[in-house]
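Worksheet for the structure shown next.
Residue numbers (our numbering), protein chains in the order written: chain W, 76 to 496; chain H, 303 to 442.
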């Protein structure tokens, strides 16, 4: 195995010169570097921490240990969703012990100097890492967005290492930090899909799901899609690809910053998988576990709803009927985006239609949906993938317009012409 | 009977019956804190991982898997060992933190695809000894 060379600063940190928490965290970074075969560590400019979501005592014990050891983040650090909506505490139906522990966990990370952003989409906040800069981001959709859409460099970091990198400012020089791992390993040719279908976030969730399955932990590249692809669509693609596979980076030729042309990211003999409408519809149906047309809930915003998604949803709702009285509608977003959506009036339109807006957490990982809701519709490939296992609902995946039409009708309504094109 | 040599991702000792997964698994969203597979789409949904030498081609999905694994180790519902065909940083970190906090060590080993297939085909308990340099898995 390659030898790991440490800087003088690293050696000082290991000797405890920066405190016991930094020493513990650097030992963790070094353990990872050895597994990853890194020969040196890199300095990161920011971190995004996923560990603030409560999964049990171990996560709480770890952050509280860091606090006791005097830990403090060395770089600007944002926080992912927690297990509570601190602004609307009644929305989460967790038991008292879980609620208390989740609150302690969130407080533990804030005490280390992390910013209480509580969002899985830190790229929707004002600070975005610049092209080519090294960062340590955890949360699979944030990782894939930072790498692919922003062209920043982070490896697929998980809980614990995220705060370890934030406290030390150091990560192994390995994985997606290195040029050699940023080349495409599979190619999806989408030239046969209609522009209308490619205009839907849900279709991008389906494509992402397919890409994740084909690529595993490799790097997909998409060809044959219009340059008008939106960030919300790239977000939907990456989130789904990081869920069904271990994708931490993708390229879209002519769209993402490292892929102005195919040759920049892929070897010419990379054989394309041709994706047609039948394949897209088949994956949509695979992600749909609901049978029949019964509908109890609408869940949007996984990853967190962006301001442009609020604008689109408010546009669809502006002059129409409210959601059916038997459908519980939820939109999850960050408190920062909600403040903007409130200021611009989108949030009020969404609330007037009957939706509840959830911040700081997400509907597919904490008990937010009212008891007894059996079937939910979403436009998110990630939500559709995880919700049946996580919260025990059946799910139907559809476009935002299908979601709105269904939530108004009180049953699942399909626009089959869209998915046949 | 036989012996396989692999690469240590995280050191430790364990004995258990192999549980060979037919598809990759995300611990977060794919397993619960009682150590069961809850991934709706996984071919072995409902299987219990606790105490088993979990043999899986690779991990996938969420970066919260490290927290879930650490918590399973703490509460005694984790697999006895993990054997993969490629190292997984997220699972290694879960094992690292459990060892730091609780001195409980869950060995993680990577085998070549050929040795992985031999392990996947074997019956009966296996012993995993993952040392600082390399790991040995004794079959039968």
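We put the CB at the ideal spot given by N, CA and C, even for glycine.
Check: Hey, does residue 432 of chain H have any beta-carbon neighbour from chain W nearer than 8 Å?; Outcome: no
Check: From the beta carbon of residue 463 of chain W, is the nearest beta carbon of chain H less than 8 Å away?; Outcome: yes
Check: Below 8 Å on the Cβ atoms is my guess for residue 284 of chain W versus residue 217 of chain W; work out the distance and round it to an integer in Å.; Outcome: Not really, about 18 Å apart at Cβ, beyond 8 Å.
Check: Please go through the region 294–356 of chain W and give each complete alpha helix (DSSP H) segment of 4 or more residues, from N-terminal end onward.; Outcome: 306–319
Check: Using only alpha-carbon positions, find the residue among W:236, W:90, W:409, W:254 that is nearest to residue 138 of chain W.; Outcome: W:236
Check: Name the residues in the region 350–375 of chain H whose C-beta lies less than 8 Å from a C-beta of chain W; which are they?; Outcome: 360, 361, 362, 363, 364, 365, 366, 367, 368, 369, 370, 372, 373, 375
Check: For residue 242 of chain W, I'd like the list of residues in its chain whose CB is within less than 8 Å of its CB, leaving aside the five on either flank, ordered along the chain.; Outcome: 96, 97, 100, 141, 146, 147, 148, 149, 187
Check: Within 8 Å (strictly less), CB to CB, does residue 336 of chain H reach chain W?; Outcome: no
Check: Is the distance from the Cβ of residue 475 of chain W to the Cβ of residue 424 of chain W below 8 Å?; Outcome: no
Check: Return the Cβ separation of residue 312 of chain H and residue 367 of chain H in integer angstroms, given the expectation that the two are a contact with Cβ distance under 8 Å.; Outcome: Actually they do not touch by this definition, with Cβ atoms about 14 Å apart.
Check: Under 8 Å between the Cβ atoms of residue 386 of chain W and residue 421 of chain W?; Outcome: yes
Check: Please report whether the beta-carbon of residue 103 of chain W lies at a distance below 8 Å from any beta-carbon of chain H.; Outcome: yes
Check: State the start and end residues of the unbroken alpha helix (DSSP H) segment that holds residue 463 of chain W.; Outcome: 456–466
Check: Does any CB atom of chain W fall closer than 8 Å to the CB of residue 311 of chain H?; Outcome: yes
Check: In its own chain, which residues sit with a C-beta less than 6 Å from the C-beta of residue 457 of chain W, not counting the 5 before and 5 after it?; Outcome: 314, 315, 318, 377
Check: Is residue 115 of chain W close to the ligand NAP? I mean its beta-carbon at under 7 Å from any heavy atom of the ligand.; Outcome: The model on display carries no ligand, and the ligand NAP is accordingly not part of it.
Check: Mark residue 360 of chain W as exposed unless 16 or more other C-beta atoms lie within 10 angstroms of its C-beta, in which case mark it buried.; Outcome: exposed
Check: Is there a Cβ from chain H that is less than 8 Å from the Cβ of residue 106 of chain W?; Outcome: yes
Check: What did DSSP end up calling residue 434 of chain W once you bin it into helix, strand or coil?; Outcome: strand
Check: Indicate the three-state DSSP secondary structure (helix, strand or coil) for residue 374 of chain W in the structure shown.; Outcome: strand
Check: Is it buried or exposed, residue 214 of chain W, if we count other Cβ atoms within 10 angstroms and call 16 or more buried?; Outcome: buried
Check: Restricting to Cα atoms, I'd like to know which of H:414, H:403, H:379 is closest to residue 358 of chain H.; Outcome: H:414
Check: Fully enclosed by the region 83–147 of chain W, which alpha helix (DSSP H) runs are 4 residues long or longer?; Outcome: 83–89, 95–111, 132–143
Check: Counting only the same chain and skipping the five closest in sequence on each side, list residues whose C-beta sits under 7 Å from that of residue 349 of chain W.; Outcome: 264, 267
Check: Is DSSP giving residue 410 of chain H helix, strand or coil here?; Outcome: strand
Check: Would you mind reading off the limits of the beta strand (DSSP E) that contains residue 469 of chain W?; Outcome: 469–472
Check: On the DSSP letters alone, give me the boundaries of the alpha helix (DSSP H) that residue 234 of chain W sits inside.; Outcome: Run containing residue 234 of chain W: none; DSSP gives neither H nor E here.
Check: Leaving out five residues on either side along the sequence, give the residues of the same chain with a beta carbon under 7 Å from the beta carbon of residue 344 of chain H.; Outcome: 325, 327, 332
Check: When Cβ atoms are compared, which residues of the region 235–251 of chain W fall closer than 7 Å to chain H?; Outcome: 235, 236
Check: Between the alpha carbons of residue 466 of chain W and residue 83 of chain W, how many angstroms are there, rounded?; Outcome: 48 Å
Check: Which value, in whole angstroms, describes the spacing of the CA atoms of residue 326 of chain W and residue 296 of chain W?; Outcome: 5 Å
Check: How should residue 201 of chain W be labelled, buried or exposed, when 16 other C-beta atoms within 10 angstroms of its C-beta is the threshold for buried?; Outcome: exposed
Check: Does the region 444–452 of chain W come close enough to the region 366–375 of chain W that 3 or more CB-CB pairs lie under 8 Å?; Outcome: yes
Check: Examine chain W for any beta-carbon lying closer than 8 Å to the beta-carbon of residue 381 of chain H, and answer yes or no.; Outcome: no
Check: Name the two residues that bound the continuous alpha helix (DSSP H) containing residue 482 of chain W.; Outcome: 475–484
Check: Relative to the C-alpha of residue 225 of chain W, which candidate in W:355, W:208, W:87 has its C-alpha closest?; Outcome: W:208
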